[in-house]
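Accompanying notes for the structure given below.
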Ligand code: FAD
Ligand code: SF4
Ligand code: SF4
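Residue numbers (this note's numbering): 197 to 651.
So, in structure tokens, the structure goes:
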């Protein structure tokens with residue numbers, strides 16, 4: 197029995213495709229206790245070193261078993277200020293759970309689900325958040341996980357932190373990218389409220405590089421600036437027909453639905469073409485999120501088009517299973533070569549069938565086109581989810597900032613300092629599209645090096 201981990205209850209697929217409510221419902225207290233009892237409390241703690249922010253995993257799990265949820269929360273929050281978020285969205289199977297000793301002969305301990313249990317418990321508590329006060333001042337650009345983690349770490353030691361966000365709402369991809377059914381926005385709002393209680397000031401609708409420059413921020417008395425501007429620039433396929441009506445980037449599509457409430461048009465002012473036959477190009481988590489959103493907006497058929505096979509599909513296994521349960525189709529080994537249309541509207545997508553050749557530099561088998569294998573898929577909406585690159589807006593207006601050929605900000609990995617004195621950076625703006633917890637880890641490291649420098 198102890199070999200099998202406790203699975204969270206879920207909203208049934210047939211019901212959930214009709215709504216945006218959360219799919220995974222979290223552990224009950226009894227489930228959390230049973231799962232916590234599976235942890236072996238290994239002295240070497242390999243799970244801890246596989247977590248990018250080193251959450252003390254056996255420690256907090258022991259406190260769950262002791263019924264001491266407050267202590268469990270304090271232990272997690274000491275390293276990770278957003279447990280209710282990370283417990284939901286971290287790719288745990290590649291991180292903390294990947295090296296869980298229990299996983300050698302059985303299923304690994306469900307560390308993420310237990311972290312979520314404590315994170316959710318904490319959302320209903322009024323924690324007194326204590327922070328000392330100092331005379332130091334730092335500005336943070338961007339309110340995604342990198343910016344939030346940096347702000348939390350700085351505010352904890354009493355630094356006055358101002359976070360500037362270009363959009364009208366806070367959270368970065370946590371707000372406009374990850375859909376409500378995976379990360380409810382009330383969870384994000386409550387986690388951000390904790391930062392506000394710590395004294396962090398937030399300013400929305402401020403585009404740093406335009407409305408305010410690095411020079412302005414330094415002149416206002418900030419002793420350092422952290423840049424967490426993310427990777428919000430979508431990649432396209434570069435094929436004919438991509439400018440037809442009904443073609444969206446994943447970024448635009450998700451922003452319309454998640455941030456601008458397009459699903460409620462016309463009672464909300466922003467529309468989105470929901471479509472009946474929807475094609476999503478790509479195989480990562482973003483593509484799966486888009487497909488599942490399209491299904492919930494009422495599309496009859498949603499098809500993921502991916503050029504390799506199921507084995508190479510990069511999305512998390514859990515998300516693939518959820519998508520399959522929700523009747524998302526997978527058209528694998530298929531490479532789009534044109535979007536077809538009539539009267540400027542999308543009517544379909546022309547593809548080539550592929551086969552897998554020798555492994556490429558990424559180690560995955562290279563897809564090779566099969567000659568004369570062209571076929572057409574019917575579509576009235578096409579959404580392109582083939583990756584994002586670092587947001588260029590701040591970078592373009594700050595020419596002295598050194599960037600690599602992909603547009604990522606170059607940093608010294610030990611301090612996260614950039615080519616401009618007093619300017620630090622981290623998260624997707626440096627690495628390109630990555631994960632929430634790696635962005636938080638970078639924000640935290642930058643904050644620690646800012647503290648060392650100014651205090
Ligand atoms: P972002 O979250 O992109 O935040 C950057 C913020 O900076 C944005 O709010 C932006 O508006 C703001 N900004 C940019 N330029 C300026 C400027 N000049 N002035 C002021 N503000 C500015 N990761 C996971 O770990 N698990 C998942 O399940 C997962 N799902 C994902 C689903 C989707 C649809 C997407 C797109 C990504 C997903 N990711 C996931 C990746 C993860 O969300 C990102 O790696 C993470 O959000 C990066 O954090 P960040 O703080 O670096 O950037
Ligand atoms: Fe695992 Fe993420 Fe929690 Fe770290 S923060 S322990 S990687 S769920
Ligand atoms: Fe528990 Fe697994 Fe970590 Fe061991 S490796 S302490 S079993 S969570």
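Don't be surprised by glycine CBs; every beta carbon is placed ideally from N, CA and C.
This structure is a prediction, so every number in the text was calculated from the model and none was measured.
- Looking only at 307, 560, 577 and 567, the smallest Cα-Cα distance to residue 222 is reached by 307.
- In this structure, residue 236 has its CB closer than 7 Å to one or more heavy atoms of ligand 3.
- Contact check for residue 471 against residue 502 fails: the beta carbons are separated by 8 Å or more.
- Residue 283 and residue 312 have their C-alpha atoms some 4 Å from each other.
- If only uninterrupted alpha helix (DSSP H) runs of at least 4 residues are considered, those enclosed by the region 234 to 285 are 242 to 245, 253 to 261, 265 to 273 and 279 to 285.
- Taking a 10 Å sphere around the C-beta of residue 523, we find fewer than 16 other C-beta atoms and assign the residue as exposed.
- For residue 282, the Cβ falls inside the 7 Å cut-off from some heavy atom of ligand 2.
- Under the DSSP definition of a beta bridge, residue 545 partners with 535 and 573.
- Secondary structure remark: continuous beta strand (DSSP E) runs of at least 3 residues inside the region 375 to 416, in chain order: 397 to 399.
- Cβ-Cβ distances below 6 Å link residue 489 to 375 and 453 in the same chain, with the five nearest sequence neighbours on each side left out; the list follows chain order.
- Taking the CA atoms as reference points, residue 535 sits about 22 Å from residue 451.
- A direct Cα-to-Cα measurement between residue 465 and residue 448 gives close to 15 Å.
- Within a 10 Å sphere around the beta-carbon of residue 300 sit fewer than 16 other beta-carbons, which makes this residue exposed.
- If the five residues before and after residue 277 are omitted, its C-beta is found closer than 6 Å to the C-beta atoms of 348, all from its own chain and listed in chain order.
- DSSP, reduced to helix, strand and coil, places residue 356 within a strand of the structure shown.
- Taking a 10 Å sphere around the C-beta of residue 635, we find 16 or more other C-beta atoms and assign the residue as buried.
- Residue 273 and residue 548 have their alpha carbons spaced roughly 49 Å apart.
- Rounded to whole angstroms, residue 394 and residue 224 show a C-alpha spacing of 30 Å.
- Under the three-state reduction of DSSP output, residue 372 falls in the helix class.
- Per DSSP, residue 627 lies in no beta strand (DSSP E); the unbroken alpha helix (DSSP H) holding it starts and ends at 624 to 627.
- Residue 526 and residue 545 do not touch by the CB rule: their CB atoms are close to 15 Å apart, not below 8 Å.
- By the neighbour-count definition (other C-beta atoms within 10 Å, threshold 16), residue 651 is an exposed residue.
- The nearest non-hydrogen atom of ligand 3 is 7 Å or more from the C-beta of residue 248.
- Going by beta carbons, residue 419 and residue 329 fall outside the 8 Å limit.
- If you draw a 10 Å sphere on the C-beta of residue 492, you find 16 or more other C-beta atoms in it, and that means buried.
- Contact check for residue 601 against residue 346 fails: the beta carbons are separated by 8 Å or more.
- For the options 226, 210 and 351, the alpha carbon positioned closest to that of residue 202 is the one of 226.
- Secondary-structure assignment with DSSP links residue 585 through a beta bridge to 429.
- Around the beta carbon of residue 382, a 10 Å sphere encloses fewer than 16 other beta carbons of the protein chains shown; the residue is thus reported as exposed.
- By the C-beta density criterion, residue 518 is buried, having at least 16 other C-beta atoms within 10 angstroms.
- Distance from the CA atom of residue 404 to the CA atom of residue 271, rounded to whole angstroms, is 35 Å.
- Per DSSP, the unbroken beta strand (DSSP E) holding residue 444 starts and ends at 443 to 445.
- At least 8 Å separates the beta-carbon of residue 231 from that of residue 251.
- Bridge pairing for residue 220: 206 [DSSP].
- Proximity of the region 587 to 605 to the region 557 to 574 falls short of the contact definition, fewer than three beta-carbon pairs being nearer than 8 Å.
- From the listed residues 357, 446, 235 and 209, the smallest Cα separation to residue 253 is found for 235.
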